[in-house]
Every structure is written in structure tokens, then in C-alpha cells.
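Structure, as C-alpha cells:
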Amino acid sequence: MKRAVAAIATILALSLILSGCGETHRQQATKTPTERPSSSLTTSNYHTLPNGLSGSCTGDATHPDNHLQSVNLSTSEGQLHITIHNADRMDLVEDGYYINIYSDKFEQTQIRLEKKHDGLHHVSIARMYGTDRISELEEFQVPEDREIKVSVPTSEIAGEHGVTWNAAKDRNGEDVAFCPPVKSDRVPLR
94 MKRAVAAIAT ILALSLILSG CGETHRQQAT KTPTERPSSS LTTSNYHTLP
144 NGLSGSCTGD ATHPDNHLQS VNLSTSEGQL HITIHNADRM DLVEDGYYIN
194 IYSDKFEQTQ IRLEKKHDGL HHVSIARMYG TDRISELEEF QVPEDREIKV
244 SVPTSEIAGE HGVTWNAAKD RNGEDVAFCP PVKSDRVPLR
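In my numbering, the protein residues as written are 94 to 283.
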């Protein structure tokens, strides 16, 4: 009887040891991924605008207020340079210009040039359809010649190939002008 109890105890001990080894291996296997996560699952692995791109648009010259006559975009030295010609003075709070940048991977970034309640003009960037993160970048002045020039880091803007864009003038929450003149049209940035 003592031998039967000892044999059963030994078999149980070996079973527990072997099942523990298998469990340790399963836990280790789940901790070590066999493939890297796809870029759609990670927010920091998106491609950003390369240097040497440019594009321009012309607004509606017949628009009664003509707040958005033309916009030029270009990239160099890791910056997206934006020039808005013949911009109004942006005197009202919540006046703003918005540059919408679209990539072929359904990524969108919006650059906002707005006058805020503090009376200053601010530049911010919002990545849409994802983390929806907004980065406040800097303040800017509207010069007397009404030509606004700002630069933002291309590292904040998603998109590498198939990039298009358009611009809008917003006054107190209402779009009042577009560049190109049709709201849904886009300009290639190449």
C-alpha cells in the first residue's frame, strides 16, 4: 500500500511539474509576439510629408468678400510653409483659415489659423480620425499687407504619397470662402 501511495504521489508530482512547464512556455509565447503590429494599430508609425512638395490654389475672384483669393503650400527643411494672399485682418474672434490635408491612406490633418478669445492669432494642428490630438504651435501676426505666412513642422502632418489639400475661411463657425472655390475640390501636393 505504501508503494502504491508513493507511486501515485510521484505520478502526481511529475504531472504537476510537466503541466507547469507547458504553462510557462505558453505564457512566454504570448509575451513574445511573432510579428510587429501594423502601422494602423500604432499612432507613431505614420509617414509624414517629405521635403520638395508644393501646390497652390485660387479662390473665387467673384466672391463678394473675396476672403480667400489664393493659397500656396510648400515643404522644405522639415517645414510646411503656408502663404495666404490677400487675407482679411481676422478682426473677429473665431475668425480662421483652415488648411485640410488628406493622404491616400485616409489620414487627415487640419491646420488651423485662428483668432482666439485672448485676442491673439494661433496656429494649431489637429490629426483627424485617430487620436484626434490637437497641437498648439505658435502665435502669428496678420501683417498690414494681409499676406499671412506661417510654417509648421511636417512631422505633425500625416501623409507621404497621394497628398491633396484644400482651404477654407471660417467666420464664427460658418465657412464663407474656399480655395479651390468648390468646397469638395482638392489640390495635389507634389
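For every residue, glycine included, the Cβ atom is placed at its ideal position computed from N, Cα and C.
Length of the line joining the Cα atoms of residue i and residue j
| i | j | result |
| --- | --- | --- |
| residue 274 | residue 152 | 5 angstroms |
| residue 279 | residue 197 | 13 angstroms |
| residue 271 | residue 231 | 24 angstroms |
| residue 257 | residue 144 | 15 angstroms |
| residue 216 | residue 234 | 10 angstroms |
| residue 154 | residue 170 | 33 angstroms |
| residue 161 | residue 188 | 13 angstroms |
| residue 236 | residue 204 | 19 angstroms |
| residue 123 | residue 212 | With a pLDDT of 28 at residue 123, under the threshold of 50, the modelled position of that residue is not reliable, and no figure is offered here. |
| residue 245 | residue 172 | 5 angstroms |
Integer Cβ distance of residue i from residue j, believed to fall under 8 angstroms
| i | j | result |
| --- | --- | --- |
| residue 190 | residue 206 | 4 angstroms |
| residue 283 | residue 146 | 6 angstroms |
8 angstroms CB neighbourhood of residue i in its chain, flanking five on each side removed
| i | result |
| --- | --- |
| residue 119 | Residue placement at residue 119 is flagged as unreliable, the pLDDT there being 26, under the threshold of 50; the coordinate-derived value follows with that caveat. Once the five neighbours on either side are set aside, residue 119 has no close Cβ partner at all. |
| residue 201 | 193, 194, 195, 220, 221, 222 and 251 |
Among the options, the one whose alpha carbon lies nearest that of residue i
| i | options | result |
| --- | --- | --- |
| residue 254 | 281, 169 and 166 | 281 |
| residue 174 | 237, 251, 241 and 261 | 241 |
| residue 156 | 276, 200 and 269 | 269 |
| residue 250 | 221, 208 and 159 | 221 |
| residue 192 | 199, 229 and 262 | 262 |
Residues of its chain near residue i, where Cβ-Cβ distance is below 6 angstroms and the 5 sequence neighbours each way are ignored
| i | result |
| --- | --- |
| residue 164 | 150, 177, 260 and 272 |
| residue 168 | 142, 144, 146 and 247 |
Close-in-space but distant-in-sequence residues of the same chain around residue i (CB under 7 angstroms, 5 per side omitted)
| i | result |
| --- | --- |
| residue 229 | 215 and 217 |
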